[in-house]
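S.K.: The structure follows.
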């Protein structure tokens, strides 16, 4: 299997950890700027990532970059229907086992027919509960896009995916047509308010599952067609990639990862922990997409990056200009870290907040935000003093990454 050939280069990078390169703070202070050499950064490195990590392309990492590229062209909820305000999950994958939005029996089809990479994203009109489930009678969409080597492979896969999904409950399922997209394969169970369909579009396969509040074919078909309307137009603007094309994708063309605090110098592309997104790819990972769409648009944010290790993350946003970055920093903590905490006093426009969530491994107690030029960065920690050191280090890194 490809997983053995690329030795786990998909969406897990627990091995090959690199150590951080100390706490030296380089650079020269410019007029009107803080001398970053005086900041307390603890043991955190303030050198751009390329000084501590070298990207050597291989197929696995190239396919991960390709999946990130695809994620920026997968429709988010409000693009499909304005009432689909909430994202309920996104996952990129480069093997069939990673396509967890598909029926388990359908996933082997992806590998058999030579999938290259894919992305699943789901949305709903109401947020998930604490148990991860949607409220009853909630309209939702689950969208999966997979690229294959060519159109023939995609066409074959679409037929086989539908057959495998249909056979999960063959006695109860009934085949349907999608009038606007006659090449789509679709089915439903008459007593269920859901519908599944699969369509080949060039080298891509698009799988759509939708749900509404009643088992109504007209509503289900209309929502399915709307998903295809939006998604196929996005794919028309994304030329498919060969394996060589994926291998040749640039690692960090916008210089976002080099500017993002990365204490362990992990650099391998990974959609869950080391990645760069455009706004659509970012929104696909956010629960409150309506709120964040407004925030990003108001401040002209066009790039986002994330570097995660264990349960801590550093995030970087590129805004329209310095004024927009300052405005974004003023609101970025409001939803998730609303309780004010002391900020590093020496950093201009710095702000820290405390999370109302207690005793959560995945949610750090404190998050701080800093700005430099058009960039806004957040860092987090369970200790406020450590959050301050990370904030200082992130600010210094931004200052040291202007070349």
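Residue numbers (the numbering used here): 3 to 405.
Note that beta-carbon positions come from the ideal geometry of N, C-alpha and C, so glycine has one too.
DSSP state of residue 272, grouped into three classes?
M.R.: Start at 1 with the first residue of the chain shown, and residue 272 comes out as number 270. Residue 272: strand per DSSP, three-state reduction.
S.K.: Residue 363: buried (16+ other C-beta within 10 angstroms of its C-beta) or exposed?
M.R.: Reading the chain shown from its first residue, position 361 is the one you call residue 363. Exposed.
S.K.: In terms of DSSP beta bridges, what is residue 290 paired with?
M.R.: Position 288 of the chain shown, counted from the first residue, corresponds to residue 290. Answer by DSSP bridge pairing, in chain order: 88.
S.K.: So, helix, strand or coil for residue 388, using DSSP?
M.R.: Residue 388 sits at position 386 when you count from the first residue of the chain shown. The answer is helix: DSSP assigns residue 388 an H, G or I state.
S.K.: Note down the Cα distance separating residue 157 from residue 379, rounded to an integer number of angstroms.
M.R.: If you number the chain shown from 1, residue 157 lands on position 155. If you number the chain shown from 1, residue 379 lands on position 377. C-alpha separation (whole angstroms): 43 Å.
S.K.: Taking the runs of the alpha helix (DSSP H) that are 4 residues or longer, which of them lie wholly in the region 242-270?
M.R.: As far as the region 242-270 is concerned, its whole alpha helix (DSSP H) runs of at least 4 residues are 245-249.
S.K.: Run through the DSSP bridge pairs and tell me what residue 374 is partnered with.
M.R.: Walking along the chain shown from the start, residue 374 turns up at place 372. 377, per the DSSP bridge assignment.
S.K.: If you drop the 5 nearest sequence neighbours on each side, which residues of the same chain put their C-beta closer than 7 Å to that of residue 2?
M.R.: No answer is possible for residue 2: the residues shown for the chain start at 3 and end at 405.
S.K.: Tell me the residue span of the alpha helix (DSSP H) that contains residue 212.
M.R.: Position 210 of the chain shown, counted from the start, is the residue given in the question as residue 212. Segment 206-213 is the beta strand (DSSP E) holding residue 212; no alpha helix (DSSP H) there.
S.K.: State yes or no: is the C-beta of residue 1 within less than 8 Å of the C-beta of residue 41?
M.R.: No answer is possible for residue 1: it lies beyond the span of the chain, which begins at 3 and ends at 405.
S.K.: Which term fits residue 115, buried or exposed, when burial requires 16 or more other beta carbons within 10 angstroms of its beta carbon?
M.R.: Within the chain shown, numbered from 1, the residue matching residue 115 stands at position 113. Label assigned to residue 115: buried.
S.K.: In the DSSP output, which residue or residues are listed as bridge partners for residue 190?
M.R.: One-based indexing of the chain shown puts residue 190 at position 188. Paired residue(s): 176.
S.K.: Is the CB-CB distance between residue 348 and residue 36 below 8 Å?
M.R.: As a working mapping, residue 348 is identified with position 346 in the chain shown. As a working mapping, residue 36 is identified with position 34 in the chain shown. Cβ atoms of residue 348 and residue 36: closer than 8 Å.
S.K.: Is residue 392 near residue 381, with beta carbons less than 8 Å apart?
M.R.: Position 390 of the chain shown, counted from the start, is the residue given in the question as residue 392. Position 379 of the chain shown, counted from the start, is the residue given in the question as residue 381. Taking 8 Å as the Cβ cut-off, residue 392 and residue 381 qualify as a contacting pair.
S.K.: Taking 8 Å as the threshold, find out whether the region 337-356 comes into contact with the region 298-318 through three or more Cβ pairs.
M.R.: Taking 8 Å as the limit for Cβ pairs, the verdict is that the region 298-318 does not touch the region 337-356.
S.K.: Whole angstroms is fine: what's the gap from residue 253's alpha carbon to residue 192's?
M.R.: Taking the first residue of the chain shown as 1, we reach residue 253 at position 251. Taking the first residue of the chain shown as 1, we reach residue 192 at position 190. Roughly 48 Å between the two C-alpha positions.
S.K.: Between residue 309 and residue 262, is the Cβ-Cβ spacing less than 8 Å?
M.R.: As a working mapping, residue 309 is identified with position 307 in the chain shown. As a working mapping, residue 262 is identified with position 260 in the chain shown. For residue 309 and residue 262, yes; Cβs fall inside 8 Å.
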